[in-house]
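Enquirer: Numbering (the UniProt record's numbering), first residue to last: 1 to 181.
Every residue gets a Cβ at the ideal spot worked out from N, C-alpha and C, and that includes glycine.
1. Just to confirm the assignment: which complete beta strand (DSSP E) runs, minimum length 3, are found wholly within the stretch 36 to 106?
2. On the CB-based measure, 16 or more other CB atoms within 10 Å of its CB, does residue 74 come out buried or exposed?
3. Check each candidate in 24, 82, 36 and name the one with the smallest Cα separation from residue 65.
4. Look at the alpha carbon of residue 114 and the alpha carbon of residue 130, and state the distance between them as a whole number of angstroms.
5. DSSP puts residue 9 in a beta bridge; with which residues?
6. What are the start and end residues of the alpha helix (DSSP H) that includes residue 117?
7. Using DSSP bridges, identify the partner residues of residue 27.
8. Along the chain, where does the alpha helix (DSSP H) containing residue 142 start, and where does it finish?
9. Tell me the rounded alpha-carbon separation between residue 120 and residue 61.
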């Protein structure tokens with residue numbers, strides 16, 4: 001994580017193989033850099049000030065792989081890597097119940113990726129950039145997976161033309177310029 005540059009370098013993940021935790025490359029088998037919004041950076045900074053990252057050693061890529069040590073921002077209460085099965089049972093599902101959100105595949109941890117994608121698409125982020133942030137090899141996969149989250153094309157088209165006419169004047173490079181020549 002680089003607070004000064006406003007980015008997170010995604011270089012590894014914790015995976016379960018035969019019920020055992022290992023470090024491995026992120027989704028898609030490659031590292032990536034993701035924008036770190038200021039609001040998230042502030043929250044992470046506050047968290048780190050209270051609970052510094054903990055060094056955790058796990059095998060690399062396979063249960064019998066060479067051990068690799070990494071500093072984790074969110075270790076479990078014993079200072080080890082969080083087990084996703086335990087996290088779902090102890091934290092995520094009770095949070096869904098408390099919020100009155102039905103349990104199910106649509107409301108699993110993976111829903112956070114969909115939320116992230118929908119926020120960026122709604123803000124106008126392009127598919128290629130989103131694809132890189134999510135670790136997809138093919139922007140087409142991102143488009144097929146998240147196209148239902150994209151804002152209405154008709155609405156965007158109307159707003160784009162409205163902006164061109166409302167914001168422009170004869171001196172601006174806008175609708176009037178297109179008629180010259």
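Expert: If we stick to the structure as given:
1. 54 to 59, 67 to 72
2. exposed
3. The shortest Cα separation from residue 65 among 24, 82, 36 belongs to 24.
4. 11 Å
5. 33
6. 111 to 122 is the span of the alpha helix (DSSP H), which, as asked, contains residue 117.
7. Beta-bridge pairing links residue 27 to no other residue.
8. 139 to 146
9. 31 Å
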